[in-house]
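Once you know that position 216 of the sequence shown is 367 in our numbering, the rest is easy, because the numbers rise by one and skip nothing.
For glycine and all other residues, C-beta sits at the position ideal for the given N, C-alpha and C.
Computed from a prediction, not measured in an experiment: that's the story for all the values here.
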Amino acid sequence: MEETEGKKLKEKLFNKKENGWLSVDSEKEKIIFKFSDEYIYFLNKGKTERECCSFTRKMLEENGFKCICEYESLKPGDKVYYINREKSVYAAIIGNKELEDGVNVIGAHIDSPRLDLKPNPLYEEGEFAYFKTHYYGGIKKYQWTVIPLALHGVIVKTNGEKVEINIGENEEDPIFTITDLLPHLAQEQMERKLKDGVKGEELNLLIGSIPFNDKEVNEKVKLNILSILNRKYGIVEADFLSSELEIVPAFKARSLGLDGSMVAGYGQDDRVCAYTAIRALLDIKVPEKTAVCILSDKEEIGSVGNTGMESLVFDYFISEILNKTGKNRPDLIRKVFCNSRMLSSDVDAGFDPIYANVSDTKNAGYLGKGIALVKYTGARGKSGASDANAEFVAEIRNMMEENKIPYQLTELGKVDIGGGGTIAYILANKGVDVIDCGVPVLSMHAPYEVTSKFDIYCAYETYKAFWN
Ligand code: MN
Ligand code: MN
């Protein structure tokens, strides 16, 4: 074929968005697949924020990180972390430059949509025992019925003793489920709007059916369940009052597709960015600017509370670094933030051809086309958005292009179709330059979410490049 002038000009001027797999040779494919296997292992080990937190702490400690409380003073190259109430993590590698020149932050979140047990969860009805639940985060409720579910979390007794619960992950464990109506009798239910197809108060977890064998008592099935729990964990019904028990899908994260190109698993929003960020942090050399990684909690319900990004615990962590590098003075932390940069690493909505009509195809994030940079989120006229400055976007583009990492600039859905947000605005409010930057996901917030292994590896490479 002849190279016409138009062809040459098009090659030079058009912004190409190629399928990333086309650039992957068999050697790179092996690296990508191996990395994804390790990520799948992480997903299966960390189904709650607490589990992700303790898994991350282990990864950090095995790689020379220590609690910041163990350091009297800090110098370049020191690796520190701070765990906030077992639910969020801040980690840093002290850089060669002063903190007041700014730090490079990557922030993801490790909480995911799920069903929490209510404070008084246990009841008996129709000779079945159930747990009542209250959903956490934005879910489509009908997706949580008729699938195998596991119970994870902690029960804290009044004497402070903490019982860790994890039922439904091992092959020999029982699982739980939420029943749904048979189609034969669902005529009325099928007339409901999809959002009410299954209602919040119908999300009751089936947990038992054998009655306690004593004619003299009522609520025999409930009694039998409590007696099992008492034998196994030494708890009584009132101990549920001080528990945090989460119901999550019991199925395992797996490789998806005949070509094995994707990962299917629960909680990829946002553990895909959390895992790739931590892995990147373990693999960088002593950076010029201090590298900071945040794995935050409560993002799915608005980043509130003392383990959410809105809390000042992160500021405390940075203050402690300033104190221990011997450089602190009043209000210096504000200067640190104003000179800092951040990748708010959270997932993006992947373009789904089955539901193509919600996306602007020219601005959607595509699986397999690299990490998605989202300049702004928000809804209806960018309301609530942290809109990244063009100068900062150019800086990040330059970094991506120098490191030959594929990326796409995307927007979440068509205008006025919906919207969303991340932790980006919280750091931006402190003066940090922030852009959202994450992996596109299909079926986001569903019990089983889908990502591309190509994008997962791109995220890891991006985060490494950003800190280096
Ligand atoms: Mn998210
Ligand atoms: Mn989310």
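- Using a Cβ-Cβ distance cut-off of 8 angstroms, the segment 209 to 220 and the segment 170 to 183 are not in contact, since fewer than three pairs of beta carbons, one from each stretch, lie closer than that value.
- Among the bridge pairs identified by DSSP, C588 is matched with L524.
- Ordered along the chain, residues surrounding ligand 1 are D420, D421, D497 [Cβ under 5 angstroms from any heavy atom].
- Taking a C-beta distance under 8 angstroms as the contact criterion, A536 and G529 qualify as a contact pair.
- Between the C-alpha atoms of K308 and L225 there is a straight-line separation of about 38 angstroms.
- For Y467, the enclosing alpha helix (DSSP H) stretches over residues 464 to 475.
- Scanning the segment 207 to 256 from its first residue to its last, the whole beta strand (DSSP E) runs of 3-plus residues come out as 230 to 235, 239 to 244.
- Across the set V585, C609, G519, A301, the C-alpha of A301 shows the shortest separation from the C-alpha of P598.
- For V314, same chain residues with a beta-carbon under 6 angstroms away, outside a window of 5 residues either side, are I306, Y384 in chain order.
- The beta-carbon distance between G516 and G501, rounded to whole angstroms, is 6 angstroms. This is short enough to meet the 8 angstroms contact definition.
- Sequence-distant Cβ neighbours of N375 in its own chain, meaning closer than 8 angstroms and more than five residues away, are A280, G359, I361, P362, F363.
- Going by DSSP, Q340 is part of the alpha helix (DSSP H) stretching over 338 to 342.
- Residue pairing by DSSP places Y558 opposite I522 in a beta bridge.
- The alpha-carbon of T476 is positioned some 14 angstroms away from that of Y467.
- With respect to I452, G246 sits apart: the two C-beta atoms are not nearer than 8 angstroms.
- Between D538 and Y527, the C-beta spacing is below 8 angstroms.
- Going by DSSP, M460 is part of no beta strand (DSSP E) at all; its letter is neither H nor E.
- Remark: the shortest separation between the CB of E451 and any heavy atom of ligand 2 falls under 7 angstroms.
- Put simply, of Y233, G304, E169 the residue whose alpha carbon is nearest the alpha carbon of G519 is E169.
- Contact check for W172 against S462 fails: the beta carbons are separated by 8 angstroms or more.
- Remark: the shortest separation between the CB of H335 and any heavy atom of ligand 2 does not fall under 7 angstroms.
- Here DSSP, grouped into helix, strand and coil, assigns G171 to helix.
- The alpha-carbon separation between T602 and G416 amounts to approximately 9 angstroms.
- DSSP lists L300 as the beta-bridge partner residues of P400.
- As DSSP reads the structure, G258 sits in a beta bridge with I445, S495.
- Closest option to F617, judged by alpha-carbon separation, among E223, V254, V498, G351: V254.
- Burial state of I182 is exposed, judged by a 10 Å Cβ sphere holding fewer than 16 other Cβ atoms.
- For ligand 2, no non-hydrogen atom lies closer than 7 angstroms to the CB of H285.
- Of E237, V525, F184, the smallest CA-CA separation from L446 is found for E237.
- About 7 angstroms separates the CB atoms of F193 and F206; that is less than 8 angstroms, so the two are in contact.
- Take T458, set aside five residues on each side of it, and the residues of its chain with a beta-carbon closer than 7 angstroms to its own are N235, R236, K238, S239, D448, K449, in chain order.
- Of the heavy atoms belonging to ligand 2, none sits nearer than 7 angstroms to the Cβ of H303.
- Residue state for M595 is assigned as coil, using DSSP reduced to three classes.
- With fewer than 16 other beta carbons inside 10 angstroms of its own, V368 counts as exposed.
- Closest by C-alpha distance to H260, out of V498, G564, N514, is V498.
- For K371, the enclosing alpha helix (DSSP H) covers residues 371 to 384.
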